[in-house]
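Mind the numbering: the sequence shown is residues 1 to 91 in full-length UniProt numbering, read in order.
Heads up, the beta-carbon is just placed ideally off N, CA and C, and yes, glycines get one too.
Predicted model only: the values in this text are computed from it and were never measured.
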Amino acid sequence: MKKQMPTWNEKSTYEKSLLVVSLILSVPAVLFFILYLTGRWQGGMNIVQPLLGLMMFVQALQFWKYNRLVSIFSLFAAFFTLIALMIVYLY
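Below is the structure:
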């Protein structure tokens, strides 16, 4: 049986700070994606993709204690995103 995710009061300061960082990264990602979709700023996608990679890395840190499989998958997805972005932007 997997460990249950704790409620806000049961979380440590480290877990709370990771959640806040995740929320801070999510808001600009959504805003830049909306700007990209509406055609207001075509460079918005260049900002959204690295933010998504960072959000996956933070998610991996959050789930490491509770579900290692999800955490490892998030790490692989974050590294894949990083490598894909480097290939796209360097060529």
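It is roughly 22 Å from the alpha-carbon of ALA78 to the alpha-carbon of TYR36. For TYR36, the uninterrupted alpha helix (DSSP H) run begins and ends at 13 to 38, by DSSP. In the displayed model, MET56 falls within a helix according to three-state DSSP.
Between VAL48 and PHE63, the C-beta gap is not smaller than 8 Å, which leaves the two residues out of contact. The C-beta distance from TYR66 to LYS16 rounds to 15 Å, too long to meet the 8 Å contact threshold.
In chain order, LEU19 place their CB closer than 8 Å to the CB of LYS11, counting only its own chain and leaving out the 5 sequence neighbours on each side. The beta carbons of SER26 and GLN59 sit no closer together than 8 Å.
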